[in-house]
Amino acid sequence: MRLFFLLLSFILSAPLFADDAVRPVAEYNDGPYIFLESTVHQTVWVAGGELKQKNYPKGELIEFEEPALPSITVSPATKWTSKARTKYKTDQPIVALSDIHGQYNVFRNLLKRHDIVDRNINWSFGEGHLVIVGDVMDRGEHVMECLWLIYKLEKQAEKAGGKVHFLLGNHELMVMNGNIDYIHPKYRYTAALLERPYHDLFAKNTALGKWLSSKNVILQLNDKLFVHGGLSQQAMSLGLSLSDINYLFKEKMYYGMYDEINRDPQLQTLYYGDGPLWYRGYAYPYSINTSQVDQLTKKLKVNNIIVGHTSLSKIKGLYDNRIIMIDSSIKIGSTGQMLKIEGDKLSVAEYDGRLTPLISEEKKEDERQSLFEYLYNSDKVVVNLSESYKTVKQNFEKDESETPGVISITADKDQFVFNAKFELGGKSRRKICSYPPIKINFKKQELEDFNFHRANDRIKLVMQCKGTKSMVNAIKMEKLIYDLYEVVSPYGHRAKMSIVNVEGEKSYQEALILESDDDLCMRTDTRRLKVSTISTDVVDRPLYIKMVLFQYLIANTDWSARKGHNTDLFMRNSDSTMIVIPYDFDYAGIINTDYAIPSEKLPIASVTERHFMDKNITEEELNAAIDFYIEKETDFFAVVENASFMDEKTKKRANSFIQSFYKIIKDEKKVKRQIRQ
Numbered sequence: 005m006r007l008f009f010l011l012l013s014f015i016l017s018a019p020l021f022a023d024d025a026v027r028p029v030a031e032y033n034d035g036p037y038i039f040l041e042s043t044v045h046q047t048v049w050v051a052g053g054e055l056k057q058k059n060y061p062k063g064e065l066i067e068f069e070e071p072a073l074p075s076i077t078v079s080p081a082t083k084w085t086s087k088a089r090t091k092y093k094t095d096q097p098i099v100a101l102s103d104i105h106g107q108y109n110v111f112r113n114l115l116k117r118h119d120i121v122d123r124n125i126n127w128s129f130g131e132g133h134l135v136i137v138g139d140v141m142d143r144g145e146h147v148m149e150c151l152w153l154i155y156k157l158e159k160q161a162e163k164a165g166g167k168v169h170f171l172l173g174n175h176e177l178m179v180m181n182g183n184i185d186y187i188h189p190k191y192r193y194t195a196a197l198l199e200r201p202y203h204d205l206f207a208k209n210t211a212l213g214k215w216l217s218s219k220n221v222i223l224q225l226n227d228k229l230f231v232h233g234g235l236s237q238q239a240m241s242l243g244l245s246l247s248d249i250n251y252l253f254k255e256k257m258y259y260g261m262y263d264e265i266n267r268d269p270q271l272q273t274l275y276y277g278d279g280p281l282w283y284r285g286y287a288y289p290y291s292i293n294t295s296q297v298d299q300l301t302k303k304l305k306v307n308n309i310i311v312g313h314t315s316l317s318k319i320k321g322l323y324d325n326r327i328i329m330i331d332s333s334i335k336i337g338s339t340g341q342m343l344k345i346e347g348d349k350l351s352v353a354e355y356d357g358r359l360t361p362l363i364s365e366e367k368k369e370d371e372r373q374s375l376f377e378y379l380y381n382s383d384k385v386v387v388n389l390s391e392s393y394k395t396v397k398q399n400f401e402k403d404e405s406e407t408p409g410v411i412s413i414t415a416d417k418d419q420f421v422f423n424a425k426f427e428l429g430g431k432s433r434r435k436i437c438s439y440p441p442i443k444i445n446f447k448k449q450e451l452e453d454f455n456f457h458r459a460n461d462r463i464k465l466v467m468q469c470k471g472t473k474s475m476v477n478a479i480k481m482e483k484l485i486y487d488l489y490e491v492v493s494p495y496g497h498r499a500k501m502s503i504v505n506v507e508g509e510k511s512y513q514e515a516l517i518l519e520s521d522d523d524l525c526m527r528t529d530t531r532r533l534k535v536s537t538i539s540t541d542v543v544d545r546p547l548y549i550k551m552v553l554f555q556y557l558i559a560n561t562d563w564s565a566r567k568g569h570n571t572d573l574f575m576r577n578s579d580s581t582m583i584v585i586p587y588d589f590d591y592a593g594i595i596n597t598d599y600a601i602p603s604e605k606l607p608i609a610s611v612t613e614r615h616f617m618d619k620n621i622t623e624e625e626l627n628a629a630i631d632f633y634i635e636k637e638t639d640f641f642a643v644v645e646n647a648s649f650m651d652e653k654t655k656k657r658a659n660s661f662i663q664s665f666y667k668i669i670k671d672e673k674k675v676k677r678q679i680r681q
């Protein structure tokens, strides 16, 4: 059985869809892309949804300037050498960031606010060094703007005596090797217009392709080592120098050299999960300890190892700052941080322009990552359930019934198989849905065997209700709601999109993996209180009112804090403050599932109509919450824009629904008529 699920996991971890032609659905701008043909240099771009082209004679300087696109100058005579240096020394300041993922505005703002560039976005960092530690590509819709800005700054820095170091991450490697699972839909449109596979836009015969293929994956700058993922014990055991690693990537692993990679165990170690672009071990305390960090830095002859790849809410220093993790979730598109190094001084360059000291965080040697946390930080998750799920589904009337089953999980390139118990969830959905939610209870020892935290032994899978397209969109919209609530409060359940396959069924299901109460408590330093009724006067009032207004934003009336319906009560350990946390949003009007109808007790005929659910909130309290939402308006729309799991049509519908909310709260008369009364 385990072998079956491992094979099935491998098959399902491949791209789910071919790169079929996708036609543009709206006007947009993109480019430029420069193809270095034998007799002519072809420059193409998209303006207002239309493909444009200009040819330059071979060898002629390319100067491109078009509205709403990067202005660039490219000399085809430039010789991009694959023998770029691996080690540098400098007495000038160093700034590093990672995982930009096409978020040009955040990238630009960070550079401007810390004087890396001037108001015209030109280099102003003098002889300083800027290090970009991988993953500029994928996810966001402004990848080209980011790439061309780095290209420009690289040349400007050289003239000023400074340096821009652009190290490649796993997402650059994925695109170069034809894996386009994570590109923004906009780039599928461009590929369709050009009638070329997307990865061909960065092939060796393109300006950006030649430039990217010259880039290293690892850099030593003074006594600091920079690499996207990290150096695992397996990679270190190969006995390669840093220059050797850079050489092997550039000569053996760019542009789909899979046959050669799979014939060579050394290349396999570097290319896959234990390699420098994919390794996540520094993020997981169980996989490395203080003694191993000592040995690693001593062997590498460095004091600090600086990595990206694993998304965190902030830059984090570990082991007395010898390991520094700098992926500050710029990919979300609302904020970010950079690391600034001045001699031995380490600072966090905040999004608002401040510098704060980087203080190393304590780390327990026996601390382990939970399974959910691991999956949440993975790019792609595929879950395979044994036929036991069907048995659980058939016994939906038995509330506490648990059925033994097997679950296999593929997260990026890692695979796990567990014996578990399946328990039906979702008291309403189980009566309606062909694929009701399921709680999965793991064996603590098996979690520990895979080096996960044994205490966090549950996850909940919420699958698309039925096998229709509208239900696929519904589950994705519910994921969006969980993401939107993160703008409101850190005290909320997180959700991860995944693919679920049930043994014996031909089609897969889209599903949410929901953060369990145990995971939420560990992350937020809270504990859940099991009570049947509460008074909302004794909870954190400002946060509660923001939650009520959020339910109004999404037009959800299927909840009650007082009765604990689709809400839970948690207590913050630090000060005993009680917090109401919502969940289950499938009756929200922003989703508008075909089975959702409002309670007969409410004065609304459809779930798409908004109704404010707590009339005991004072005018002063409500105004404070409204001010908060107005301040966060751009953040909400940024979450929708960056929801790469949704198609543009569904995003547009979500934006329209949120816009209608803002039209109400920005109009005092509408607030009085529709909310207060």
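Numbering (my numbering), first residue to last: 5 to 681. Even for Gly, the Cβ is constructed at its ideal location relative to N, Cα and C.
For residue 616 and residue 580, I'd like the C-alpha separation in whole angstroms.
For this step, residue 616 is matched to residue 612 along the sequence shown. For this step, residue 580 is matched to residue 576 along the sequence shown. Going from the Cα of residue 616 to the Cα of residue 580 covers about 28 angstroms.
My parser needs the alpha helix (DSSP H) runs of 4 or more residues fully inside the segment 227-303; what are they?
237-240, 246-252, 262-267, 269-275
What residue does the alpha helix (DSSP H) around residue 112 start on, and which one ends it?
On the sequence shown, residue 112 is found 108 positions in, with the first residue counted as 1. Start and end: 108-117.
Would you mind sorting residue 641 into buried or exposed? The rule is 16 or more other CB atoms within 10 Å of its CB.
Position 637 of the sequence shown, counted from the first residue, corresponds to residue 641. Under this definition residue 641 is a buried residue.
Anticipated Cβ contact below 8 angstroms, residue 602 with residue 608, distance rounded
One-based indexing of the sequence shown puts residue 602 at position 598. One-based indexing of the sequence shown puts residue 608 at position 604. Going by Cβ atoms, the distance from residue 602 to residue 608 rounds to 5 angstroms, so yes, they are a contact pair.
Please report how far the alpha carbon of residue 448 lies from the alpha carbon of residue 461, in whole angstroms.
As a first step, residue 448 must be located in the sequence shown, where it is residue number 444. As a first step, residue 461 must be located in the sequence shown, where it is residue number 457. Going by the C-alpha atoms only, they are around 6 angstroms apart.
Compare the Cα-Cα distances from residue 653 to each of 458, 561, 474 and report the closest residue.
One-based indexing of the sequence shown puts residue 653 at position 649. The option with the nearest alpha carbon to residue 653 is 474.
Using 10 angstroms around the beta-carbon of residue 65, count the other beta-carbons present and answer buried if the total reaches 16, otherwise exposed.
Position 61 of the sequence shown, counting from 1, holds the residue named residue 65. It counts as exposed.
Quick one, which of 620, 122, 678, 218 has its alpha-carbon nearest residue 613's?
Within the sequence shown, the letter at position 609 stands for residue 613. For the residues 620, 122, 678, 218, the minimum Cα distance to residue 613 belongs to 678.
I'd like the list of long-range same chain contacts for residue 29, defined as Cβ closer than 8 angstroms, with 5 residues on each side in sequence excluded.
Along the sequence shown, read from residue 1 onward, the residue named residue 29 stands at position 25. Any reading at residue 29 must be qualified, since the residue scores a pLDDT of 43, below 50, and its modelled position is unreliable; the value itself is stated next. So the list reads 193, 652, 653, once near-sequence residues are dropped.
Environment of residue 667 [buried if 16+ CB atoms lie within 10 Å]:
Residue 667 sits at position 663 when you count from the first residue of the sequence shown. Its Cβ having fewer than 16 others within 10 Å, residue 667 is exposed.
For residue 543, would you say it is in contact with chain B, using Cβ-to-Cβ distances shorter than 7 angstroms as the test?
Structure shown: chain B not included; a single protein chain is present.
Under 7 angstroms between C-beta atoms of residue 292 and residue 249:
Taking the sequence shown and counting its residues from 1, the one referred to as residue 292 is at position 288. Taking the sequence shown and counting its residues from 1, the one referred to as residue 249 is at position 245. Taking the C-beta atoms as reference points, residue 249 is found no nearer than 7 angstroms to residue 292.
Tell me, please, whether the segment 138-157 touches the segment 99-115 by the rule of three or more beta-carbon pairs shorter than 8 angstroms.
yes
Residue burial classification, residue 354 (beta-carbon count within 10 angstroms, cutoff 16)
Position 350 of the sequence shown holds residue 354. Answer is buried; the Cβ neighbour count reaches 16.
What does the Cβ neighbour count give for residue 542, buried or exposed, with the cut at 16 atoms within 10 Å?
As a position in the sequence shown, residue 542 is number 538, starting the count at 1. By the neighbour-count rule (16 or more Cβ atoms within 10 Å), residue 542 is not buried but exposed.
Measuring only the C-alpha atoms, how far is residue 433 from residue 405?
To locate residue 433, count along the sequence shown from 1; it is residue 429. To locate residue 405, count along the sequence shown from 1; it is residue 401. Each residue's alpha carbon lies about 16 angstroms from the other.
Quick check on this structure: which residue in 93, 507, 398 has the alpha carbon closest to the alpha carbon of residue 683?
Because residue 683 is not part of the residues shown, which for the chain are 5 to 681, the question remains open.
Specify the secondary structure class of residue 637 as computed by DSSP and reduced to three states.
Locating residue 637 in the sequence shown gives position 633, where the first residue counts as 1. Residue 637: helix per DSSP, three-state reduction.
Residue 435 and residue 518: beta carbons closer than 7 angstroms?
As a first step, residue 435 is located in the sequence shown; it is residue number 431 there, counting from the start. As a first step, residue 518 is located in the sequence shown; it is residue number 514 there, counting from the start. No, the Cβ-Cβ distance between residue 435 and residue 518 is not below 7 angstroms.
Below 7 angstroms between beta carbons: does that hold for residue 202 and residue 186?
For the purposes of this step, residue 202 is taken as residue 198 along the sequence shown, with counting starting at 1. For the purposes of this step, residue 186 is taken as residue 182 along the sequence shown, with counting starting at 1. Contact: no.
In the DSSP assignment, find the beta strand (DSSP E) that holds residue 572 and state where it starts and stops.
Position 568 of the sequence shown, counting from 1, holds the residue named residue 572. 571-576 is the span of the beta strand (DSSP E), which, as asked, contains residue 572.
For residue 141, the three-state DSSP class (helix, strand or coil):
Stepping through the sequence shown from its first residue, residue 141 is reached at position 137. Residue state, collapsed to three classes: coil.
Ordered along the chain, which non-local residues of its own chain (more than five positions away) have a Cβ less than 6 angstroms from that of residue 368?
Position 364 of the sequence shown, counting from 1, holds the residue named residue 368. Here the model assigns residue 368 a pLDDT of 48, short of 50, so the residue's position is not dependable and the matter cannot be decided.
So who's on the other strand from residue 424, going by DSSP bridges?
As a first step, residue 424 is located in the sequence shown; it is residue number 420 there, counting from the start. Answer is 409, 446, bridged to residue 424.
Determine the extent of the beta strand (DSSP E) in which residue 36 is found, giving its start and end residues.
Sequence index remark: in the sequence shown, residue 36 carries index 32 (1-based). Unbroken beta strand (DSSP E) run through residue 36: 34-40.
Which same chain residues end up closer than 7 angstroms to residue 365 when comparing Cβ atoms and leaving out the 5 residues on each side of it in sequence?
Start at 1 with the first residue of the sequence shown, and residue 365 comes out as number 361. Answer for residue 365: 320, 321, 322, listed in chain order.
Residue span of the alpha helix (DSSP H) that contains residue 313, given as start and end:
Position 309 of the sequence shown, counted from the start, is the residue given in the question as residue 313. Unbroken run through residue 313: none, as it is neither H nor E.
Closer than 8 angstroms by C-beta to residue 26: which residues in its own chain qualify, once you throw out the five before and the five after it? Chain order, please.
Within the sequence shown, the letter at position 22 stands for residue 26. Legend: pLDDT at residue 26 = 40, less than 50; position of this residue unreliable, value from coordinates given subsequently. These residues qualify, in order along the chain: 189, 192, 193, 195, 196.
Assuming residue 339 contacts residue 329 (C-beta within less than 8 angstroms), just tell me the rounded distance between them.
Counted from its first residue, the sequence shown places residue 339 at position 335. Counted from its first residue, the sequence shown places residue 329 at position 325. That belief does not hold up - the Cβ atoms of residue 339 and residue 329 are roughly 16 angstroms apart, past 8 angstroms.
Please name the residue, chosen from 243, 46, 341, that lies closest to residue 100 on a Cα-to-Cα basis.
Working through the sequence shown from its first residue, we reach residue 100 at position 96. The shortest Cα separation from residue 100 among 243, 46, 341 belongs to 341.
Once the 5 residues before and after residue 316 are set aside, which same chain residues still bring their CB inside 7 angstroms of it?
For this step, residue 316 is matched to residue 312 along the sequence shown. So the qualifying residues of the chain are 329, 331, 332, 333.
Tell me whether the segment 117-132 and the segment 159-167 touch, counting them as touching only if at least three CB pairs, one residue from each stretch, are closer than 8 angstroms.
yes
Would you check if the distance between the CB atom of residue 375 and the CB atom of residue 456 is smaller than 7 angstroms?
If you number the sequence shown from 1, residue 375 lands on position 371. If you number the sequence shown from 1, residue 456 lands on position 452. Yes, Cβ-Cβ distance for residue 375 and residue 456 is below 7 angstroms.
Taking only the alpha-carbon atoms, compute the straight-line gap between residue 287 and residue 398 and give it to the nearest angstrom.
Position 283 of the sequence shown, counting from 1, holds the residue named residue 287. Position 394 of the sequence shown, counting from 1, holds the residue named residue 398. The straight-line gap from Cα to Cα measures roughly 41 angstroms.
With DSSP run on the structure shown, which of helix, strand or coil describes residue 546?
Residue 546 sits at position 542 when you count from the first residue of the sequence shown. Here residue 546 sits in helix by DSSP.
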